[in-house]
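Residue numbers (the numbering used here), protein chains in the order written: chain A, 43 to 359; chain B, 228 to 576.
Report on the following structure.
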């Protein structure tokens, strides 16, 4: 008896297209999260101007009974400007791709352009903070490098510096609840760090995983946990200087300790994201190529320079 | 040619150092013509050169003179480097000589092999045994010889010279300004003069603030200048304006520092425990001074008249080297014409 198999009776086509595209590794975009969001109006010029009053000296001296008035103070304000910039990228697709490809190319290219745009937004903010924030080098660790590994002592010092600068915290804390394995969470600043730093936090005795919060309200995907007055957000795209520490030439991690209103992200009305599709009909005498593009306008600015620290550290030995 | 091709052209007069051409696209092909040398037969001087994005950094295919006729030479360093820069990039690590940082003003650094630097380059020093107080910081250098350069630090009062260590060039230092604008000296008086480790990029009128982390009562000192120190001297946080820029690594600010604690480096032993360098940073929109270091300016909005508006310094383009030491791509006063090309498509077969 002979059996007919795929060896002697192959299918006309020995391939099937798996439904759906495979996922694309994409970092967490954390730097946009704690930014104050502003929008410049259309026809609003090139620059958004922020004004910040300068504190007046408190009048702590008695007026006395001389009848002579003390000199008055001059009220001044800081002027902080941020100029809008425009960014964009595109993909050119030959019409035959669109006509012949069995995959919805336009759909996934649109998706990738959207992700690329938001990734650019985050990288620009990251590099901006890196170039603008004042630095705190960790020194509480024992790895013999400078900066040392991140420790509770360092985080406490940074929180103290932010508190001393009268910075605003983002979140008012989480009260303890009657749930096994959970603990209350302090009111918190944001701490944006690298996924490579997660083992450091896991080994920290003051660390509370986000899964050990009393509840999961307002916990987002990239939140790793909390230490003292910081809630930790990790991303594979944080700022790392490879082989740059002072003593051992180790990788230096630039972690951002951020208070509310410390920096702003500004978009332009109607220009926060634009998806542009030009069908091939616009491309030339033979209408061969279509284009897909994205554009966006973005500005960023430090609003409170003392409410933001770049906490630099290495990894533990 | 179709609508997607891109060509940019330009020219400049060489100053004898590497030249960055900032472009609105990353080209596939880059070529230059040395108009000054075109009709001459000067030995080793490049008349024209071409480079491709997929070649190794520093590679250029050149036509040079051998003194009597033209010759074709491929160089693998000092040619063209195609750059998209937004993150930290360093040159190779170079070990330093046995005793490499002197106790002097300014401190002189000696490398074990040729450093390949030019005056104005930025260098990260690290692992500086016995002189750790300068370690982990980026400095703008003044080249003294092929193996020595000075840094803007007065190390004459340090306990000992450094006896080991490493350096590496920071490839695009203006990307990170004002980050890394650390303070190396402060002169007190009715106004205050601040010397910085790297060229600061600040402009007159820029508002600044200060970070002077206290290592001990004497190390760094001058806590009266620290914006973060809310002491009796600073009921209002310490901020100031730049009133003049005497040098690329110096500013004068309107702070009357008469009577302030003296600025002083920590000891090497204190630095071994980890230190934060004192910093001066701009307030508000901080990076315009830095961006001005790049010519031509990329993506500059028109008519910015207020100092300090921030732009993303991330940029792209081509770095034209000066040659590999034998073949000279550009020499001082040479007029260089360049062309950058981004084609529609590159056929590979």
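By construction, the Cβ of each residue, glycine as well, lies at the ideal position given by its N, Cα and C atoms.
Which of the three DSSP states is assigned to residue i in this structure?
{"i": "residue 303 (chain A)", "result": "coil"}
{"i": "residue 355 (chain B)", "result": "coil"}
{"i": "residue 555 (chain B)", "result": "strand"}
{"i": "residue 241 (chain A)", "result": "helix"}
{"i": "residue 152 (chain A)", "result": "helix"}
{"i": "residue 336 (chain B)", "result": "strand"}
{"i": "residue 297 (chain B)", "result": "strand"}
{"i": "residue 495 (chain B)", "result": "helix"}
{"i": "residue 323 (chain A)", "result": "helix"}
{"i": "residue 265 (chain A)", "result": "strand"}
{"i": "residue 259 (chain B)", "result": "strand"}
{"i": "residue 331 (chain A)", "result": "strand"}
{"i": "residue 361 (chain B)", "result": "helix"}
{"i": "residue 452 (chain B)", "result": "helix"}
{"i": "residue 447 (chain B)", "result": "strand"}
{"i": "residue 349 (chain A)", "result": "helix"}
{"i": "residue 523 (chain B)", "result": "Note that residue 523 (chain B) scores a pLDDT of 36, beneath 50, so its modelled location is shaky; the value from the coordinates is reported in the next line. If DSSP states are grouped into helix, strand and coil, residue 523 (chain B) belongs with coil."}
{"i": "residue 565 (chain B)", "result": "strand"}
{"i": "residue 576 (chain B)", "result": "coil"}
{"i": "residue 277 (chain A)", "result": "strand"}
{"i": "residue 252 (chain A)", "result": "helix"}
{"i": "residue 55 (chain A)", "result": "coil"}
{"i": "residue 356 (chain A)", "result": "strand"}
{"i": "residue 284 (chain A)", "result": "coil"}
{"i": "residue 18 (chain A)", "result": "Not covered by the structure: residue 18 (chain A). The range shown for chain A is 43 to 359."}
{"i": "residue 528 (chain B)", "result": "Any reading at residue 528 (chain B) needs caution, since the residue's pLDDT is 33, under 50, leaving its predicted position unreliable; the model's value is listed next. In this structure, residue 528 (chain B) counts as coil in the three-state DSSP scheme."}
{"i": "residue 236 (chain B)", "result": "strand"}
{"i": "residue 306 (chain B)", "result": "strand"}
{"i": "residue 472 (chain B)", "result": "strand"}
{"i": "residue 291 (chain A)", "result": "coil"}
{"i": "residue 362 (chain A)", "result": "Residue 362 (chain A) lies beyond the residue range present for chain A, which begins at 43 and ends at 359; the question has no answer from this structure."}
{"i": "residue 271 (chain A)", "result": "coil"}
Residue i and residue j look like a contact to me (Cβ under 8 Å); what is the Cβ gap, rounded to whole Å?
{"i": "residue 356 (chain A)", "j": "residue 292 (chain A)", "result": "5 Å"}
{"i": "residue 260 (chain B)", "j": "residue 275 (chain B)", "result": "5 Å"}
{"i": "residue 278 (chain B)", "j": "residue 286 (chain B)", "result": "6 Å"}
{"i": "residue 469 (chain B)", "j": "residue 480 (chain B)", "result": "6 Å"}
{"i": "residue 129 (chain A)", "j": "residue 338 (chain A)", "result": "6 Å"}
{"i": "residue 425 (chain B)", "j": "residue 476 (chain B)", "result": "7 Å"}
{"i": "residue 395 (chain B)", "j": "residue 320 (chain B)", "result": "5 Å"}
{"i": "residue 359 (chain A)", "j": "residue 287 (chain A)", "result": "The Cβ separation is near 12 Å, so there is no contact."}
{"i": "residue 152 (chain A)", "j": "residue 123 (chain A)", "result": "Not really, about 35 Å apart at Cβ, beyond 8 Å."}
{"i": "residue 298 (chain A)", "j": "residue 175 (chain A)", "result": "7 Å"}
{"i": "residue 559 (chain B)", "j": "residue 243 (chain B)", "result": "4 Å"}
Problem set entry | Members of the stretch 106-120 of chain A near chain B, C-beta cut-off 9 Å | Along the stretch 106-120 of chain A, going in chain order, the ones with a CB nearer than 9 Å to a CB of chain B are 120.
Exercise. Which ranges does the alpha helix (DSSP H) cover as unbroken runs of at least 4 residues, wholly within the stretch 156-236 of chain A, from first to last along the chain?
Worked result: You should have 194-206.
For this session: Evaluate the contact criterion for the stretch 256-263 of chain A versus the stretch 160-175 of chain A: three or more CB pairs, one atom per stretch, below 8 Å.
Result: In this structure the stretch 256-263 of chain A does not touch the stretch 160-175 of chain A; the number of beta carbon pairs closer than 8 Å is below three.
For this session: Give, in chain order, every residue of the stretch 137-167 of chain A whose Cβ lies closer than 9 Å to some Cβ of chain B.
Result: Considering only beta carbons, the part of the stretch 137-167 of chain A lying closer than 9 Å to chain B consists of 165 and 166, in chain order.
Problem set entry | Contact between the stretch 363-378 of chain B and the stretch 319-335 of chain B (3+ Cβ pairs under 8 Å) | The answer is yes - the stretch 319-335 of chain B touches the stretch 363-378 of chain B, with three or more Cβ pairs under 8 Å.
Exercise. When the Cβ atoms of the stretch 319-338 of chain A are set against those of the stretch 225-245 of chain A, are three or more pairs found closer than 8 Å?
Worked result: At 8 Å Cβ cutoff, the stretches do not touch.
Problem set entry | beta strand (DSSP E) runs wholly inside the stretch 369-408 of chain B, at least 3 long, in chain order | You should have 369-372, 375-378 and 393-397.
Problem set entry | Where the stretch 347-368 of chain B meets chain A: residues whose CB sits under 7 Å from a CB there | Under the 7 Å Cβ criterion, the stretch 347-368 of chain B contributes 351, 353, 354, 359, 362 and 363.
Exercise. Are there three or more Cβ pairs, one per stretch, closer than 8 Å when the stretch 327-340 of chain B is compared with the stretch 354-363 of chain B?
Worked result: Yes: at least three Cβ pairs fall under 8 Å.
Exercise. Counting pairs of Cβ atoms below 8 Å between the stretch 377-391 of chain B and the stretch 488-496 of chain B, do you hit three or more?
Worked result: Short answer: they touch.
Problem set entry | Complete runs of the alpha helix (DSSP H) confined to the stretch 77-149 of chain A [at least 4 residues] | Correct list: 137-142.
Exercise. Which residues, in chain order, does the stretch 492-508 of chain B contribute to contact with chain A at a C-beta distance below 9 Å?
Worked result: Listed by position, the residues of the stretch 492-508 of chain B near chain A (Cβ gap below 9 Å) are 498, 499, 500, 501, 502, 503, 504, 506 and 508.
For this session: Mind checking the stretch 428-440 of chain B against chain A and listing, in chain order, the residues whose C-beta falls within less than 8 Å of any C-beta there?
Result: From the stretch 428-440 of chain B, only 434, 436, 438 and 440 have a Cβ closer than 8 Å to chain A.
For this session: Check distances from the C-beta atoms of the stretch 180-197 of chain A to those of chain B and list, in chain order, the residues that come in under 7 Å.
Result: Those would be 180, 181, 188, 189 and 190, in chain order.
Exercise. Does the stretch 150-163 of chain A touch the stretch 329-336 of chain A, meaning 3 or more C-beta pairs lie closer than 8 Å?
Worked result: A contact exists between the stretch 329-336 of chain A and the stretch 150-163 of chain A.
Exercise. In chain order, what residues of the stretch 284-302 of chain A put their CB closer than 8 Å to some CB of chain B?
Worked result: Result list: 284, 285, 286, 287, 288, 289, 290 and 291.
Problem set entry | At least three beta-carbon pairs within less than 8 Å, the stretch 264-271 of chain B to the stretch 494-513 of chain B | With a cut-off of 8 Å on Cβ pairs, the stretch 264-271 of chain B is not in contact with the stretch 494-513 of chain B, counting fewer than three such pairs.
Problem set entry | Selection of the stretch 206-221 of chain A by Cβ proximity to chain B, strictly under 8 Å | Cβ contacts with chain B: 206 and 207.
Problem set entry | Selection of the stretch 321-340 of chain B by Cβ proximity to chain A, strictly under 7 Å | If the cut-off is 7 Å between Cβ atoms, the stretch 321-340 of chain B has nothing near chain A.
For this session: Scan the stretch 380-395 of chain B for residues whose Cβ lies nearer than 7 Å to a Cβ of chain A and list them as they occur along the chain.
Result: Taking 7 Å as the Cβ-Cβ cut-off against chain A, the residues of the stretch 380-395 of chain B that qualify are 393.
Exercise. Would you say the stretch 47-63 of chain A touches the stretch 99-113 of chain A, given that touching needs at least three Cβ pairs under 8 Å?
Worked result: Too few Cβ pairs lie closer than 8 Å, so no.
Exercise. Are the stretch 330-344 of chain B and the stretch 562-575 of chain B touching, with three or more C-beta to C-beta distances below 8 Å?
Worked result: With contact defined as three or more Cβ pairs closer than 8 Å, the stretch 330-344 of chain B and the stretch 562-575 of chain B are not in contact.
Problem set entry | Contact set between the stretch 336-349 of chain A and chain B, restricted to residues whose Cβ is under 9 Å from the partner | Residues passing the 9 Å Cβ filter: 340, 341, 342, 343, 344, 345, 347 and 348.
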